[in-house]
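Notes for the one structure printed next.
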Amino acid sequence: MNKRGNNNSHNQWSLYVSKLKSCKKRRKEYCPICQKKILILHYNKHVEQCSRISELRVKMYNEDVVNMNRNDECAICLDSMECGQRIARLKCLCVYHKACIDLWLNKNIWCPNHPPL
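In the numbering used here, the protein residues as written are 616 to 732.
Dropping the structure here:
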């Protein structure tokens, strides 16, 4: 009888451990680069890819701040660029709001004004 009780508690413990492991697989954390919620299971791979994309962005544009109000508008959001806003100048010399071009470059690898043929 004592063996049966130990066996039953062992089964309950292993069931608890397996449920705990599956909960950890479903748990999510925020990516420190893009701030998306990522499953723990895919976290390391996502952060590695995100950091590569971030490095690529740095090579794709120069970041700056608008010094004075201009009549230029961002071709992505169509808002004008105002003094103090962060902008990004691509290698083709097109200028966009930094936040707008970051979102664009998450899905595309070309300038919005110069799509590939």
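Note that beta-carbon positions come from the ideal geometry of N, C-alpha and C, so glycine has one too.
Since the structure is predicted, the reported quantities are computational estimates derived from the model, not experimental observations.
Boundaries of the alpha helix (DSSP H) in which residue i is found, first to last residue
i      : result
Ala714 : 713-722
8 Å contact criterion, which residue i and residue j should meet: CB distance rounded
i      : j      : result
Ile691 : Trp719 : 6 Å
Met696 : Cys689 : 6 Å
Assigned secondary structure, residue i (DSSP; H/G/I helix, E/B strand, else coil)
i      : result
Ile691 : coil
Asn659 : helix
Met616 : Unreliable positioning characterises Met616 in this predicted model, as indicated by a pLDDT of 48, which lies under 50. The coordinate reading is nonetheless provided below. Looking at Met616 - three-state DSSP - the assignment turns out to be coil, as it is neither helix nor strand.
Enclosing beta strand (DSSP E) for residue i [first to last residue]
i      : result
Leu708 : Premise fails: Leu708 is in no beta strand (DSSP E) and is neither H nor E.
Lys652 : 652-654
Glu697 : Element bounds for Glu697: n/a, residue is neither H nor E.
Asn677 : 676-680
Straight-line gap, residue i to residue j (C-alpha atoms, nearest Å)
i      : j      : result
Ile655 : Ile724 : 27 Å
Asp694 : Asp687 : 9 Å
Cys726 : Tyr645 : 28 Å
Met616 : Arg642 : No answer about Met616 holds up, because its pLDDT of 48 lies below 50 and its placement is not dependable.
Gln664 : Leu705 : 21 Å
Val662 : Lys652 : 11 Å
Mind the definition here: the segment 706-717 touches the segment 675-689 only if three or more C-beta pairs lie below 8 Å; say whether that holds. yes
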